[in-house]
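Chains as they are written, first to last, in the working numbering: chain B, 71 to 185; chain C, 779 to 893.
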């Protein structure tokens, strides 16, 4: 099973709302990733967790707060977002995040609209 | 100059055609090369990966890497309407440690195969 699941599929939120995106994998992977993808653009890396520790933060604004409760789950907490944060948010996982041969498997994404 | 350059297309071909998709890169540290396929409103799906110069074949797909020219290609033989998608090249560097988590994507090429 090479499935990464993400919930919700769609999310509409106001600029004062607090919401969370969820990601889950049951492949035994120890690395999980958050990406942001705007229309007709490639995914942009936001965060990487390896063995439940944050290993990469690509200078993402603090209104995005990642959390990795265990090796199978990854959350992205959202607060006080701006309309320009509207995008497809992708989660991915890989074996360890510590090897150049790691393959990243992506979920279907959450389409976020900020009003 | 972007680290990875990919012609965004769009590329439109008739069913059965051979498709050639290409990326060039400037960073000599890139050692690992991947091709992802992304259908509209879905997450990227890994098609092929390769770590050495030369060709790698998988069914109708052939990935080619020329490290001396910093050039990679994906060939699709006997293209089908179901191949219509955005194709993203991605690369990672042999930088060690947590940097393995970082993929650098090309802009993506939009491909349409018409019956």
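Yeah, the Cβ is synthetic: ideal placement off N, Cα and C, and Gly gets one too.
Keep in mind that this is a model prediction, so the values were computed, not measured.
Check: Which same chain residues, not among the five before or five after residue 832 (chain C), have their C-beta less than 8 Å away from its C-beta?
Finding: 842, 843
Checklist line | Three-way DSSP call (helix, strand, coil) for residue 154 (chain B) in this model | finding: helix
Note to self: Contact between the segment 88–99 of chain B and the segment 137–144 of chain B is defined here as three or more beta-carbon pairs at a separation below 8 Å; is this criterion met?
What the structure shows: yes
Checklist line | Backbone secondary structure at residue 859 (chain C) - three-state DSSP | finding: helix
Notebook entry, point to check: Considering only the beta carbon of each residue, do residue 85 (chain B) and residue 157 (chain B) sit closer than 9 Å?
Noted result: no
Notebook entry, point to check: Which residues in chain B sit within 7 Å of residue 883 (chain C), going by Cβ to Cβ distance?
Noted result: 112, 113
Check: Buried or exposed: residue 849 (chain C), going by 16 or more other Cβ atoms within 10 Å of its Cβ?
Finding: exposed
Next item on the list: Pick out whichever of B:180, B:177, B:166 has its Cα sitting closest to the Cα of residue 100 (chain B).
Entry: B:166
Next item on the list: Would you identify the three-state DSSP class for residue 112 (chain B), choosing helix, strand or coil?
Entry: coil
Margin query: Give me the subset of the segment 73–100 of chain B whose CB atoms are less than 9 Å from a CB atom of chain C, sorted by chain position.
Written below: 74, 76
Notebook entry, point to check: Can you check whether the CB of residue 865 (chain C) is closer than 9 Å to the CB of residue 887 (chain C)?
Noted result: yes
Note to self: If you reduce the DSSP assignment to three classes, tell me which class residue 173 (chain B) lands in.
What the structure shows: Correct three-state label for residue 173 (chain B): coil.
Next item on the list: May I have the straight-line CA-CA distance separating residue 854 (chain C) from residue 782 (chain C), to the nearest angstrom?
Entry: Roughly 21 Å between the two C-alpha positions.
Next item on the list: Just mark residue 254 (chain B) as buried or exposed, buried being the case when its beta carbon has 16 or more other beta carbons within 10 Å.
Entry: Outside the displayed range of chain B (71 to 185) lies residue 254 (chain B), so it cannot be described from this structure.
Note to self: Let's see if you can read the secondary structure: which residues bound the beta strand (DSSP E) around residue 834 (chain C)?
What the structure shows: 832–836
Notebook entry, point to check: Just curious, the beta strand (DSSP E) that residue 130 (chain B) is in, first and last residue?
Noted result: Counting along the chain, residue 130 (chain B) falls outside any beta strand (DSSP E), and DSSP gives it neither H nor E.
Check: Name the DSSP bridge partner or partners of residue 136 (chain B)?
Finding: B:146
Note to self: Is there a Cβ of chain B sitting closer than 9 Å to that of residue 823 (chain C), yes or no?
What the structure shows: yes
Next item on the list: Report yes if the C-beta distance between residue 824 (chain C) and residue 817 (chain C) is below 9 Å; otherwise report no.
Entry: no
Next item on the list: Closer than 7 Å, Cβ to Cβ, to anything on chain B: give me those residues from the segment 779–796 of chain C, in chain order.
Entry: none
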